[in-house]
Structure formats: C-alpha cells, structure tokens
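Under the working numbering, the first residue of the sequence shown is numbered 3, with each subsequent residue one higher.
Glycine is no exception: its CB is placed at the ideal position from the N, C-alpha and C atoms.
One structure below.
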Amino acid sequence: ALVEEQQPGASSLQELRTEDTASLLENLREEEWEQLSKRFLFLSPPDDSVRTEVGRLLLDARHAGSFYVRGVWINHDPDLSAGVDLFDIRLDRDRAAVLRKSDLDHQVSSMWVRAVKLNPALQQRYFELLAADATRSDVAHAELYCDDDACEAIAAEFRRRFGRSIPVGLKDAGSWKVAQLRKEQ
3 ALVEEQQPGA
13 SSLQELRTED
23 TASLLENLRE
33 EEWEQLSKRF
43 LFLSPPDDSV
53 RTEVGRLLLD
63 ARHAGSFYVR
73 GVWINHDPDL
83 SAGVDLFDIR
93 LDRDRAAVLR
103 KSDLDHQVSS
113 MWVRAVKLNP
123 ALQQRYFELL
133 AADATRSDVA
143 HAELYCDDDA
153 CEAIAAEFRR
163 RFGRSIPVGL
173 KDAGSWKVAQ
183 LRKEQ
C-alpha cells in the first residue's frame, strides 16, 4: 500500500496507474515544502507568462529575477526584471547552467522582443525597461533584436508619453532607423 493513513494527496497516489511516476516526500515541514515547490514551475506555475521559441518570460512579480531551465529553478539573477524559463540550455552535473552572462543577456533580450510581438500589451513594460537608468539583462542587447516594427512601436510609445517635440539623443545618430524617426517628427 502506498499510504495507509489518510494524508494530503494520498487519494491521488492511490489512483495512479502502473505507467505513472510519483514521488512521495515524507518528514518535510510545511515551510520547507513552500520553499521547494517554488523551484519547480509545474508545482508553482506562473499566472502570467509568454511562451516564445527561446523559452518563457515569467511576468509575475514573484518570479522576478528567477532563472529556470525547462521548468526547474537554477538561480536568482538580480539583472532580470522578469523571470525566465529557457528551453534549450545545457546544465552541468551540479545543475549550473553552462552559459556565460553575455549569452544569457542575448537570450533574454531576444525573448523580450519576441514576447512583445506575441503580446503587444507588454509594450509599455518593455519601454520602461528600455528607459530605465539601470541596464538589465532584459534589454542589454535590445538594439540587436529590435526590428523596424519594434523600433516603430517604441518610438510611438515614446511620443505617446512625451509628445513629438522632445528631443531624443541616440548613440547611433547616423543610422537609417534614426533618420526615419526624425522624418516622422
């Protein structure tokens, strides 16, 4: 018998089929379980997320800074404004991501641009990340991943917030994209 006493979850264990897999944790205090269950997205799924080709952007405040690989928590990164769950990252034997910080920044930057395309409601949040003084992984390489449509959307959000007459200083003042934006003003 799996469980003789009626414990929380016992009835679901008794209903398992032979091809199912289950783990039973015993002698675990409730506060320990609270902490552990947050490290697995299937046990503590996000309320708000966007799935992209690279991974999921976890938008709940409780996931901010959390770095997951295939749903398993790896570490906390204070440079992440949102949580991320990357799908295709190698892990070493200690579950540490075999990934340089710059590679993570690239993956997360590309994920944000893709997420904004899939969910335009994120545009304001993305604009705030771009406008912030602190450079975060979320937008560290935005200039590489924003296409013309993304640049137009960012410019439109800027004009919506600040009007057309506010000057914009850009690093690459000679670029074609900047020339287009200046024409529109």
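Asked                                                                                                : Found
Proximal residues to E7 (C-beta, below 7 Å), its chain only, five neighbours per side dropped        : Residue confidence for E7 is low, a pLDDT of 45 falling below 50, so the modelled location carries little weight and cannot support an answer.
At least three beta-carbon pairs within less than 8 Å, the segment 144-163 to the segment 104-114    : yes
8 Å contact criterion, which V141 and L132 should meet: CB distance rounded                          : 5 Å
Cβ neighbour criterion (16 or more within 10 Å) applied to E21                                       : exposed
Residue environment, G85, which counts as buried when at least 16 other CB atoms sit within 10 Å     : buried
Length-filtered (4 minimum) alpha helix (DSSP H) runs lying within the segment 67-148                : 103-120, 125-133, 144-147
Contained alpha helix (DSSP H) runs [length at least 4] in the segment 14-64, N- to C-terminal order : 32-39
Coil, strand or helix - R163 by DSSP                                                                 : helix
Backbone CA spacing between N77 and V115 [nearest angstrom]                                          : 23 Å
Status (buried if at least 16 other CB within 10 Å, exposed otherwise) for P122                      : exposed
CB-CB length for S46 against L59, believed under 8 Å                                                 : Rounded, the Cβ-Cβ distance is 16 Å, inconsistent with contact.
The ligand FAD heavy atom lying under 8 Å from the CB of E159                                        : Within the structure as shown, the ligand FAD is missing, as the structure has no ligands at all.
Exposure label - W35; buried when at least 16 CB within 10 Å                                         : exposed
Exposed unless 16 or more other CB atoms sit within 10 angstroms - verdict on R138                   : buried
Contact under 9 Å by Cβ, R72 with L82                                                                : no
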